[in-house]
Amino acid sequence: MNKIQLSDKFTLKKMIRFTLPSVTMMVIMSIYSVVDGLFVSNLLGDLALSAVNVVMPLVMIIGAVGLMLGSGGSALVAKTFGEGEDKRANKYFSMIVFSCIGIGLLLSAICLIFLRDILSLMGGSDLIIEDCMSYGYIMVGGSVLFMLQCMFQSFFPVAEKPQLGMILSVGAGVANMALDFIFIKYAKLGIFGAGLATVIGFAIGGGVALIYFVFSRKSVIKVSLCGFYPKQFWYACYNGASEFMSNVSASFVGILYNVQLLKLVGEKGIAAYSAMMYTDFVFLAVFFGFTMGIAPVISYNLGAGRFGELKSVFKKSVFLVVLGSLLAVTLAESLSYPIAYAFVHYDKELMDMTVHGFRIFAISYIFCGINIWCSGFFTAVCNGGASAFISFLRALLFRGGAVMLLPLIWGIDGIWSAVVLAEGATAIVSVILFVCFRKRYKYGNVVLGE
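Here the sequence shown is numbered in my numbering, starting from 11 and rising by one per residue.
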């Protein structure tokens with residue numbers, strides 16, 4: 011099968027082929043997180059699952075820095091390649107990698123020093139705080155590897171090696187799942203073992219990728235000695251700010267969910283939300299993976315001035331995102347009971363709460379695909395402001411406001427409904443932005459048929 015390059019003309023079939031490895035990579039990463047939750051819940055119980063859900067927002071905030079540098083930096087590097095400046099593109103890539111490592115070490119050290127205080131503020135009650143600390147030490151300690159994994163996800167398509175990213179994700183996932191079983195069931199390491207298995211997975215996804223980009227002679231981008239380019243560094247940060255905003259905001263809102271659920275129904279509510287979040291990772295991974303896979307194609311065509319191809323890629327992408335949204339909401343609704351059973355079958359009250367909540371929560375999938383694609387598209391065309399605006403509305407303002415206000419009206423159903431309201435409101439703004447910017451980037455208005 012012929013290798014697909016960024017400079018190719020993309021048919022619908024070729025687009026699916028090129029983005030499928032990125033989608034698979036993201037889905038596999040989310041699945042091994044789900045398996046993590048399944049092992050913890052079924053072997054250690056609902057309190058351990060609650061502890062994992064308290065720690066994960068902190069880990070995701072640190073990982074968001076890597077995602078920001080990857081998404082913003084990959085658009086910069088791909089656009090520079092499109093302009094015909096290969097050597098300059100490689101220097102920018104190398105700077106971004108070194109910056110990710112340095113920032114990651116600093117953030118990890120600070121969080122480890124104040125870990126107990128941080129986790130207590132994030133919902134770690136006296137009943138679960140020790141489990142939170144056990145899981146938190148190993149996860150935060152290995153978060154640099156997680157940052158690298160998040161960053162390189164965006165660079166594999168730029169390197170025209172999306173399949174390699176998928177292979178590393180499969181390896182990381184298999185290792186994590188196997189070690190989860192060994193460390194928890196046989197080695198009796200408890201929740202610390204679950205964290206250790208996850209960090210070893212990070213080492214495969216992030217550490218092995220780093221080795222590849224340093225030593226490979228086949229990659230079109232390589233890590234090598236370079237200077238620091240302040241303008242390009244801040245440009246990458248600005249352009250990737252939406253992805254940082256989205257992940258940090260989601261983590262902050264996750265903390266609000268934990269606090270609200272603890273107040274309304276106690277630790278069982280956090281366990282139910284944990285099961286939903288693990289499942290949510292898988293569904294959203296499809297949209298994030300597709301957006302990540304096609305973004306370098308958009309950036310390359312923008313840099314090369316190929317606006318006809320940019321318009322074609324845009325229209326085909328919108329079609330696939332809308333189709334995926336319809337399939338996602340249908341699948342999620344039909345699988346609500348099996349998903350809840352897999353996580354919390356040992357507690358009927360908890361399982362009933364999870365099924366009911368997820369059936370409300372899953373309605374959001376009709377809207378979230380277009381929001382993720384909209385934010386990713388504007389990152390790809392180097393419009394960090396529009397991208398960050400969408401992420402701010404979706405992940406923080408609308409969702410955070412809804413989770414604080416709706417429970418006052420509908421109780422716990424208000425918590426499950428918050429994401430539906432937030433995604434629906436953001437989808438309206440996303441469509442408006444697509445219409446407003448259609449002439450600047452010359453992709454036309456799909457709705458009006460231009």
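We put the beta carbon where it would ideally sit given N, CA and C, even for glycine. Fair warning: this is a prediction, and the values are worked out from it, not measured in the lab.
Quick one, are the C-beta atoms of residue i and residue j less than 8 Å apart?
i, j, result
"residue 382", "residue 298", "yes"
"residue 62", "residue 47", "yes"
"residue 104", "residue 234", "yes"
"residue 195", "residue 59", "no"
"residue 262", "residue 406", "yes"
"residue 31", "residue 168", "no"
"residue 134", "residue 182", "no"
"residue 41", "residue 292", "yes"
"residue 37", "residue 295", "yes"
"residue 150", "residue 118", "yes"
"residue 114", "residue 152", "no"
"residue 92", "residue 246", "no"
"residue 56", "residue 358", "no"
"residue 139", "residue 206", "no"
"residue 326", "residue 22", "yes"
"residue 356", "residue 242", "no"
"residue 67", "residue 132", "yes"
"residue 396", "residue 388", "yes"
"residue 146", "residue 248", "no"
"residue 45", "residue 289", "no"
"residue 271", "residue 425", "yes"
What did DSSP end up calling residue i once you bin it into helix, strand or coil?
i, result
"residue 249", "helix"
"residue 102", "helix"
"residue 21", "coil"
"residue 457", "Its pLDDT being 40, under 50, residue 457 is placed unreliably in this model, and the value from its coordinates should be taken loosely. Residue state, collapsed to three classes: coil."
"residue 433", "helix"
"residue 355", "coil"
"residue 110", "helix"
"residue 441", "helix"
"residue 238", "coil"
"residue 124", "coil"
"residue 61", "helix"
"residue 132", "coil"
"residue 276", "coil"
"residue 199", "coil"
"residue 393", "coil"
"residue 451", "coil"
"residue 71", "helix"
"residue 226", "coil"
"residue 95", "coil"
"residue 170", "coil"
Quick one, which of the options has its alpha-carbon nearest residue i's?
i, options, result
"residue 35", "65, 164, 105", "164"
"residue 269", "39, 50, 122, 410", "410"
"residue 364", "294, 136, 350", "350"
"residue 179", "162, 201, 233, 386", "162"
"residue 324", "183, 451, 229", "451"
"residue 154", "30, 362, 220, 369", "220"
"residue 448", "361, 322, 406, 352", "322"
"residue 15", "166, 64, 177", "166"
"residue 51", "112, 204, 189, 92", "204"
"residue 401", "250, 425, 276", "250"
"residue 256", "33, 183, 189, 433", "433"
"residue 252", "85, 422, 318, 44", "85"
"residue 453", "328, 342, 138, 377", "328"
"residue 49", "403, 367, 353, 444", "353"
"residue 367", "384, 385, 386, 347", "347"
"residue 144", "227, 200, 403", "200"
"residue 190", "176, 208, 177", "208"
"residue 394", "254, 338, 280", "254"
"residue 18", "198, 426, 320", "320"
"residue 377", "33, 437, 241", "437"
"residue 222", "174, 339, 89, 311", "174"
"residue 13", "97, 170, 128", "170"
"residue 212", "187, 198, 227", "187"
"residue 176", "39, 95, 258, 244", "39"
Using 8 Å for Cβ pairs, my map puts residue i next to residue j. What's the rounded Cβ distance?
i, j, result
"residue 332", "residue 231", "About 32 Å; that fails the 8 Å criterion."
"residue 266", "residue 70", "With a Cβ gap of about 14 Å, residue 266 and residue 70 do not count as contacting."
"residue 335", "residue 379", "4 Å"
"residue 20", "residue 172", "That belief does not hold up - the Cβ atoms of residue 20 and residue 172 are roughly 14 Å apart, past 8 Å."
"residue 282", "residue 360", "6 Å"
"residue 391", "residue 442", "That pair is no contact at about 17 Å."
"residue 300", "residue 330", "7 Å"
"residue 225", "residue 286", "That belief does not hold up - the Cβ atoms of residue 225 and residue 286 are roughly 41 Å apart, past 8 Å."
"residue 218", "residue 142", "Their Cβ separation, rounded to whole angstroms, is 29 Å, which puts residue 218 and residue 142 out of contact at 8 Å."
"residue 445", "residue 403", "Between residue 403 and residue 445 the Cβ distance is about 16 Å, and since that is not below 8 Å, they are no contact."
"residue 106", "residue 79", "5 Å"
Answer yes or no: the CB of residue i versus the heavy atoms of the ligand SAH, is any distance below 7 Å?
i, result
"residue 198", "With respect to the ligand SAH, the structure shown offers nothing to examine, as it has no ligands at all."
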